[in-house]
Amino acid sequence: MTTAQKTLASGHGWQVSDVVCTAVAGDKPFEEEHRSFCVAAVTRGTFRYRTRQGTTMLAPGAILLGNPGACYECGHEHAAGDRCLSFHFTPAYMERVVADVPGAKRLGFADPRLPPLPALTPLLAEAEAARETGDSDAFEELGLRIAGAVAAAAAGSAAATRTPSRRDQKRVAEAVRLIELNAERPLSLTELADGTATSPYHFLRIFRQVAGLTPYQFLLRTRLHRAAVRLRCSDATISTIAFDEGFNDLSTFNRRFRREMGEAPGAYRARRTRGR
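Right, dumping it as structure tokens:
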């Protein structure tokens, strides 16, 4: 077997995997079948992809598209190996996404791939960074954003920007309150959307419009802010504060704190001590 697949995260109707292929030129391709909608971002290597929608060459930055039940082959006539960040969505999941993307009326991909698109580059970089840092919690939002962006791009439309309604603003306010009250525990995008009686994709879109960042980013920022306050105001150990505020391990907390605050938690606390 020339392909190794590692599940990075999963949820109701979705899954994301790190797929590494070690096939070389001369290896005979074998036919496989997509069991769900597949949106796979190529992060390394090149390969030929053949499915009923057509045959194409895929390179880093391109996105492989697959429909449920479609048979396909991947070949490496010209180069060895590749690596993909592969998102899989059930038809019910994609149907909800497509319903919320302006201009995307058709459920299913007409083409075998999307070429590298500037609009998708930052999003794919976030996803690849989450893979490299082991940030599995980020993939629920990233998968939904990628599904929506790909549905819009495949339909040849850009998601329309509109002013959030008062009702949507109220929904975001309710979600913000829920995050503030429960920031120390795991909060999924689905749970937050259910709390506002809207679809996850619609909720994610309006939350970003109103709050200026995604729910997951807001949750992390809330946790880090509270941790910073406790570092200044209490003598609890850094690890105790990290775990109390919802971080699963100390290294993740230290990395995120440094990124957000510009210095490590220990240095941040030491400045308080010097101030005394």
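Heads up: the sequence shown begins at 391 in our numbering, then just goes up one per residue. We put the CB at the ideal spot given by N, CA and C, even for glycine.
Item	Value
Extent of the continuous alpha helix (DSSP H) run through Thr612	605-623
Backbone secondary structure at Ala394 - three-state DSSP	strand
Spatial distance of Ala541 from Ala601 (CA atoms)	24 Å
Buried versus exposed, by CB contacts within 10 Å (16 or more), Thr393	exposed
Rounded straight-line distance, which links the Cα of Gln607 to that of Phe647	13 Å
Simplified DSSP state of Thr511, which is helix, strand or coil	helix
Exposed unless 16 or more other CB atoms sit within 10 angstroms - verdict on Arg466	Looking at the sequence provided, one finds His at residue 466 rather than Arg. It counts as buried.
Limits of the unbroken beta strand (DSSP E) element including Gln405	404-411
Extent of the continuous beta strand (DSSP E) to which Met472 belongs	It is Asp, not Met, that sits at residue 472 in the sequence shown. Note, Asp472: beta strand (DSSP E), 472-479.
Same chain, Cβ closer than 8 Å to Glu570, five either side skipped, listed in chain order	Thr612
Distance, Ala539 Cα to Arg440 Cα	23 Å
Span of the beta strand (DSSP E), counted from its first residue to its last, around Arg438	437-441
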